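The structure appears right after this line, and notes come after that.
2 protein chains.
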Amino acid sequence: MTALAARRPGPAGRIRQQHEGAILDAAETVFARAGFQGATMAEIALKAGLPKANLHYYFGTKAEVYRAVLSRILQLWLAETDRITPDAAPRDALTHYIEAKMHLSASRPDASRVFANELLHGAPEIGDYLRGELRKLVAAKAGVIESWIAAGQMAPVDPQHLFISLWALTQTYADFEAQVCAILGRQQLGPADYRRATEHVLNFVLRGCGLYNPTPEEMKPCSI
Amino acid sequence: MTALAARRPGPAGRIRQQHEGAILDAAETVFARAGFQGATMAEIALKAGLPKANLHYYFGTKAEVYRAVLSRILQLWLAETDRITPDAAPRDALTHYIEAKMHLSASRPDASRVFANELLHGAPEIGDYLRGELRKLVAAKAGVIESWIAAGQMAPVDPQHLFISLWALTQTYADFEAQVCAILGRQQLGPADYRRATEHVLNFVLRGCGLYNPTPEEMKPCSI
DNA sequence: TGAAAACCTGACCATTTGGTCAATTTTTGA
DNA sequence: TCAAAAATTGACCAAATGGTCAGGTTTTCA
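Protein chains in written order, with the numbering used here: chain D, 1140 to 1363; chain C, 1140 to 1363.
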């Protein structure tokens, strides 16, 4: 954010706020489907229900729309690590984080895809954010996880790589939905699919962190 | 492949083979960096060291180049599930698969990125492949894993979701390298980084599948 | 109520870019 | 050696597209 969130100054009247929202919603969909270069201002305008010239009244350039979309997305990503604190129980904290991330994948897949696309192409717009805010946040949370490990509360897992793994495991369901659908034989992922996926990721990660509690119906020890 | 691999008929002379290779190498890089729409024939031509018109002699359209690149990539992806057979030891088979996938991420990141980009945008070109060959392959390998589970050789993990997780965990290091670099504080990922990443994924997955064997230097029981 | 500010938009333009083509050169193989 | 096949390429084109702008309408608020 910071530089990214540098919205045009001024009071931002009622109409502006409303239309900017519509434009960003439309843009998120279009950027997700086609990427930055593939997205056209005409298509965004059509989807937003505004003439193209009007887009350029609110956002000077396509890049500006793109940055605004990314900025909005980054806000979603931030507030999820709340519960990862030294005195929380690792199991509860990780469970909450995974469930929140999976919910985001299910509810805002386009947001995840725009973000993924930006990363895929080298993060030209959000590189500074990644190396700044995000890195700092992860470093802090990595410290928490290390304290859990030192206290014998979970298995020794590299905390930084753990976060990378958590993002990969959860966002894959939004980013690569086409592949997931093909494997599962679905047209699209429904709530039941996401429930099963969440359950899988949860079990898998908890086991991977040595936090597995066997459920009643499958009473087996962790190490077979 | 199949439909994708439908290369132009004919004997394919020496020069043709050589120049097609150069074009595909260049295209892989350019498509990875810019996506399908962002890639230009002019840039591919420049990188391949050929005049643009010459590209159109070998490949009629940009889409045809793109399909050829994807086809080449899919061949890399296929031959990796060799060792996943009913009589293999789960630990060895998964270890081999993960190490192979991580090696691919390290050695051919652009290939992974082109593939990821295609998935991200709904797999318009390889959807048939995903729903056909890939799905069949995964279904078969899922059967193997189920047999391992039934034999009590590993923890009960949804086999289809397990494959999705394995792909996500390994390919994230190529696809989202920008993010990984930012978190780890690197300019780019070196061999040491990949070694550490492979070790992490391996430990994480094996533990997640109930296949963890403590290494000498950290002798702790699986379930803390 | 009235004028300043905000908002709207059809028409237009310059650039980029995928693709074509015809003329030419190089390679092949009988 | 020589003709047929393969390969090469500069010049060119039509379409798509990001962006501009001048002149208009609507909203705001003192």
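Positions of the beta carbon are idealized from the N, C-alpha and C atoms, including for glycine.
Since this is a predicted model, take the numbers as computed values, not measurements.
In terms of Cβ geometry, Tyr1312 (chain C) and Ala1336 (chain C) form a close pair [threshold 7 Å]. For Gln1326 (chain C), there are no C-beta contacts with chain D under 8 Å, since the nearest C-beta of that chain is about 10 Å from it. Shown here, Met1293 (chain D) sits in coil according to DSSP, grouped into three states, outside any helix or strand.
DSSP, read as helix, strand or coil, puts Ile1162 (chain D) in helix. The three-state secondary structure of Arg1247 (chain C), taken from DSSP, is coil. Ile1322 (chain C) is a Cβ neighbour of Arg1274 (chain D), given a cutoff of 7 Å.
Neighbours of Leu1194 (chain C) in chain D, taken as residues whose beta carbon is under 8 Å from its own, are absent, since the nearest beta carbon is some 19 Å off. Within the region 1326 to 1341 of chain D, the residues whose Cβ lies closer than 9 Å to any Cβ of chain C are, in chain order, Arg1335, Ala1336, Glu1338, His1339, Val1340. In this structure, C:Arg1252 is the residue among C:Lys1191, C:Arg1252, C:Tyr1333 with its C-alpha nearest to the C-alpha of Ala1171 (chain C). Chain C places a beta carbon closer than 7 Å to that of His1300 (chain D), counting this residue as a contact. It is roughly 8 Å from the alpha-carbon of Met1180 (chain D) to the alpha-carbon of Leu1194 (chain D).
Within 10 angstroms of the beta-carbon of Tyr1197 (chain D) lie 16 or more other beta-carbons, which makes it buried. The alpha-carbon of Gln1176 (chain D) is positioned some 26 Å away from that of Glu1159 (chain C). In the three-state scheme derived from DSSP, where H, G and I count as helix and E and B as strand, Arg1222 (chain D) is classed as coil.
Classified as exposed, Ser1246 (chain C) has fewer than 16 neighbouring CB atoms from the shown chains inside 10 Å of its CB.
Of all residues in the region 1245 to 1262 of chain C, only Arg1252, Ala1255, Asn1256, Leu1258, Leu1259, His1260, Gly1261, Ala1262 come within less than 8 Å of chain D when Cβ atoms are compared, listed by chain position.
Cβ contact annotation for Val1204 (chain D) (same chain, cutoff 6 Å, sequence separation greater than five): Ala1166, Phe1198, in chain order.
Between Leu1258 (chain C) and Gln1310 (chain D), the gap from beta carbon to beta carbon reaches 7 Å or more.
By the neighbour-count criterion, in which a residue is buried when 16 or more other Cβ atoms sit within 10 angstroms of its Cβ, Pro1225 (chain C) is exposed. Contact between Gly1266 (chain C) and Gly1174 (chain D) does not hold, since their C-beta atoms are separated by about 17 Å, which reaches or exceeds 8 Å. In this structure, the beta-carbon distance from Ala1278 (chain C) to Leu1269 (chain C) does not fall below 7 Å. It is roughly 60 Å from the alpha-carbon of Gly1282 (chain D) to the alpha-carbon of Gly1152 (chain C). Put simply, of C:Leu1215, C:Ile1237, C:Asp1164, C:Leu1213 the residue whose alpha carbon is nearest the alpha carbon of Ile1223 (chain C) is C:Ile1237. Within the region 1270 to 1343 of chain C, the alpha helix (DSSP H) runs of at least 4 residues that lie entirely inside it are, in chain order, 1274 to 1289, 1298 to 1314, 1316 to 1323. Neighbours of Val1277 (chain C) in chain D, taken as residues at a C-beta separation under 7 Å, are given in chain order as Ile1322. Annotation: His1260 (chain C) is outside any alpha helix (DSSP H) and is labelled neither H nor E by DSSP.
Straight-line spacing of the CA atoms in Met1241 (chain C) and Tyr1333 (chain C) works out to 8 Å.
Taking the C-beta atoms as reference points, Glu1272 (chain D) is found no nearer than 7 Å to Leu1209 (chain D). Excluding sequence positions up to five before and after Asp1314 (chain C), its CB lies within less than 7 Å of the CB of Ser1251, Arg1252, Ala1255, all in the same chain and listed in chain order. Interface criterion not met: the Cβ of Val1283 (chain C) is under 7 Å from no Cβ in chain D.
Interface criterion met: the Cβ of Thr1311 (chain D) is under 7 Å from a Cβ in chain C. The CB of Ile1303 (chain C) comes closer than 9 Å to the CB of Leu1308, Thr1311, Tyr1312, Phe1315, Gln1318, Val1319, Ile1322, Leu1323, Ala1336, His1339 in chain D, given here in chain order. With a threshold of 7 Å between beta carbons, Leu1269 (chain C) makes contact with chain D. The beta carbon of Arg1274 (chain C) falls within 7 Å of a beta carbon belonging to chain D, placing the residue at that interface. In the structure shown, Glu1264 (chain D) falls within a coil segment according to DSSP collapsed to helix, strand and coil. Looking at the backbone, the Cα of Leu1215 (chain C) and that of Asp1221 (chain C) are separated by about 13 Å.
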